[in-house]
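Asks:
In this note's numbering, the protein residues as written are 226 to 542.
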């Protein structure tokens, strides 16, 4: 008789492509996991994994079995979701994926209040990029994504929360430093410090540049021009303060900048102000709607009023 435990083990091995790592994530010993998978293979009369390969890989028929196992495990997990959905109580585990340009600036604003208001919610947060959030949502490894939209994905629901303005952060010797306000027409991809590929905010910044397609992505230093692609916004801010080029920042990332630096380096956009839409994203079949509603309410309570409207805005994305 095939068990859910056995199915969870083969899915784990497929995810991690390593028996020891899969066992660790399943909270069992490797011999236990290996024995149960071997037992399942014997019962089915097939080999699910080709153990001669490094890393271990599923056989052709094994891939089909694992795909079905994922569906069975997902449906089994919905039993608890149905119970929680019928209950008015906000409780249970909430696995949230948050993009890196949102996580450090938004999470501290609402987390404490949310967890105090809903003590029966066990929250697990993963700070990951957009593609990883989408992958984990579809594998049901997370419940919700907090990310930039629109995504135009038919299997997902997007629940817009707020509209975050962009601001420019400009070094003293940059051509835009003397301007009080700027427009997208002022921007050039050639002298802008950017996040690395994979960050959605990078794509948003380039969309605003009139010459985005001609940017040379290779890092190079020539005179005072630095071509740099970083992993976080704080690095970009510090480089601007050291007189290297300019960058764009989302509104919440600029709130922590002290008043002196804001006055010196920060430049707002003229209307219509470029903004990005930030939403809660989840699978259409997701049932924990009370938790979604509670989370939405707590996030909206902590936000400045100017982030709640898209009027006079240029939505980027």
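Cβ atoms here follow ideal geometry from the backbone N, Cα and C, with glycine treated the same way. Just so we're clear, the structure is a prediction, and the values are computed from it rather than from any experiment.
1) In chain order, what residues of the same chain lie with their CB nearer than 6 Å to the CB of residue 441, ignoring the 5 residues before and after it?
2) Could you check whether residue 335 and residue 523 sit closer than 8 Å to each other, using their CB atoms as the reference points?
3) Express the C-alpha separation of residue 432 and residue 259 in angstroms, rounding to a whole number.
4) Can you tell me whether DSSP reads residue 428 as helix, strand or coil?
5) Can you check whether the CB of residue 542 is closer than 8 Å to the CB of residue 480?
6) Which residues bound the beta strand (DSSP E) around residue 323?
7) Looking only at its chain, what residues have a beta carbon closer than 6 Å to the beta carbon of residue 478, apart from the 5 residues adjacent to it on each side?
8) Cα separation between residue 466 and residue 243?
9) Extract the residue ranges of the alpha helix (DSSP H) inside the segment 446-519, only unbroken runs of 4 or more that lie entirely within it.
10) For residue 264, which residues of its own chain have a beta-carbon under 8 Å away from its beta-carbon, when the five flanking residues on both sides are left out?
11) Compute the Euclidean distance between the alpha carbons of residue 434 and residue 371, then round it to the nearest angstrom.
12) Can you list, in chain order, the residues of its chain with a C-beta nearer than 6 Å to that of residue 526? Leave out the 5 residues immediately preceding and following it.
13) Between the Cα of residue 520 and the Cα atoms of 250, 229, 343, 247, which residue gives the shortest distance?
14) Can you have a look at residue 261 and say buried or exposed, based on whether 16 or more other CB atoms are within 10 angstroms of its CB?
15) Under the DSSP definition of a beta bridge, which residues are partnered with residue 419?
16) Would you grab the beta carbon distance between residue 420 and residue 427 for me? Rounded to a whole angstrom, and I think it's under 8 Å.
17) Between the C-alpha atoms of residue 174 and residue 403, what's the straight-line distance to the nearest angstrom?
18) Measure from the alpha carbon of residue 317 to the alpha carbon of each residue in 386, 473, 515, then state which is nearest.
19) Please classify residue 236: does DSSP put it in a helix, a strand, or coil?
20) In the structure shown, what three-state DSSP assignment does residue 352 receive?
21) Spell out the partners DSSP gives residue 373 in its beta bridges.
22) Return the Cβ separation of residue 367 and residue 492 in integer angstroms, given the expectation that the two are a contact with Cβ distance under 8 Å.
Replies: On the basis of the supplied data:
1) Residue confidence for residue 441 is low, a pLDDT of 47 falling below 50, so the modelled location carries little weight; the figure read from the coordinates is stated next. Cβ neighbours of residue 441 beyond the five flanking positions: none.
2) Yes.
3) Cα to Cα, residue 259 sits roughly 50 Å from residue 432.
4) Three-state result, residue 428: helix.
5) Cβ distance not < 8 Å, so residue 480 and residue 542 don't count as in contact.
6) In this chain, the beta strand (DSSP E) harbouring residue 323 covers 317-323.
7) 330, 458.
8) Each residue's alpha carbon lies about 45 Å from the other.
9) Unbroken alpha helix (DSSP H) stretches of 4 residues or longer found wholly inside the segment 446-519: 458-466, 476-479, 484-490, given in chain order.
10) Within the same chain, residue 264 has close Cβ partners 231.
11) Cα-Cα distance, rounded: 26 Å.
12) Nothing listed; no residue qualifies.
13) Selection 250, 229, 343, 247 evaluated against residue 520 yields 343 as nearest (Cα-Cα).
14) Around the Cβ of residue 261, a 10 Å sphere holds 16 or more other Cβ atoms; the residue is buried.
15) Paired residue(s): 454.
16) Contact between residue 420 and residue 427 holds: CB atoms are separated by about 4 Å, below the 8 Å threshold.
17) A query on residue 174 cannot be resolved here, the shown segment of the chain reaching from 226 to 542 and no further.
18) Out of 386, 473, 515, 515 has the C-alpha closest to the C-alpha of residue 317.
19) The three-state secondary structure of residue 236, taken from DSSP, is helix.
20) Of the three classes helix, strand and coil, the one that applies to residue 352 here is strand, per DSSP.
21) When beta bridges are read from the DSSP output, residue 373 appears opposite 503.
22) In this structure residue 367 does not touch residue 492 by the C-beta definition: roughly 36 Å separates them, more than the 8 Å allowed.
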